[in-house]
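Notes follow once the structure below has been shown.
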Ligand code: DC
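Numbering (the working numbering), first residue to last: 831 to 1042.
This is how it looks when you write it as structure tokens:
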């Protein structure tokens, strides 16, 4: 089974993806990390983020062993990832990696922006996670502070809003729910509540299928 989870920055889709994968014994891919890794490769080389040829080369040379580098989670790299991910050829270079990950047994949960619409349009279950931008900014600020980083909530909110705007309005693979995605608004849910709601969705889809 393939479960696609999409949603905006700081919606909690990453944690949700990880928890769902754990629950079902599936593998998990946070696809944002892929774009972050490409952006970070360019930043480390001192290259321009809009240098298409270098960005494509970095996308083709991805090393999953480096996905755990904590620097990838920083706001600066996230901003850069949003720029790099708007390049069509970069996205194309990353399609096969993601589809292969999804296809490998026993099943997979992928979270990102275009999993249900572009990468896995035939995913068994699609969930689109949303949350009020102010709630997302609050959560991201608390997470950053817990890691010992300084974070200004107003600046985090501005970053979230500008990334939403860029991710939703780019011409290729914009952030939007697939027509057959289930909407999960977790503004008023804690992590456990969100996980339960997502499991309920997956189980409802499975039960519906068995009845057919
Ligand atoms: O989910 P995230 O914050 O780690 O994503 C970082 C950036 O990568 C985000 O601004 C848009 C981009 N991204 C994308 O375009 N497609 C995906 N499937 C995942 C992330």
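Heads up, the beta-carbon is just placed ideally off N, CA and C, and yes, glycines get one too.
Tell me, which residues are paired with residue 843 by DSSP? None, per the DSSP bridge assignment.
Locate the beta strand (DSSP E) running through residue 956, then write down its first and last residues. 955-960
In whole angstroms, give me the CA-to-CA distance for residue 958 and residue 876. 35 Å
On the criterion of 16 or more Cβ atoms from any shown chain inside 10 Å, does residue 894 qualify as buried, or is it exposed? exposed
Simplified DSSP state of residue 887, which is helix, strand or coil: helix
Segment contact, 8 Å Cβ cut-off, at least three pairs: the segment 973-990 with the segment 853-865: no
CB residue 887 to CB residue 914, shorter than 8 Å? no
Please check the pair residue 869 and residue 994, which I expect to be a contact at CB under 8 Å, by giving their CB distance rounded to whole angstroms. Actually they are not in contact, since the Cβ atoms of residue 869 and residue 994 sit about 18 Å apart, beyond 8 Å.
Excluding the five sequence neighbours on either side, which residues of its own chain have a C-beta within less than 6 Å of the C-beta of residue 843, listed in chain order? 835, 837, 941, 959
List the endpoints of the continuous beta strand (DSSP E) containing residue 834. 832-836
If you count every other CB in all the chains shown that lies within 10 Å of the CB of residue 1016, and 16 or more means buried, which is it? buried
On the criterion of 16 or more Cβ atoms from any shown chain inside 10 Å, does residue 955 qualify as buried, or is it exposed? buried
Continuous alpha helix (DSSP H) stretch holding residue 908: start and end: 905-914
How would you write the range of the alpha helix (DSSP H) that residue 981 sits in, first residue to last? Careful: residue 981 lies outside any alpha helix (DSSP H) and carries neither H nor E.
Under 8 Å between the Cβ atoms of residue 892 and residue 1024? no
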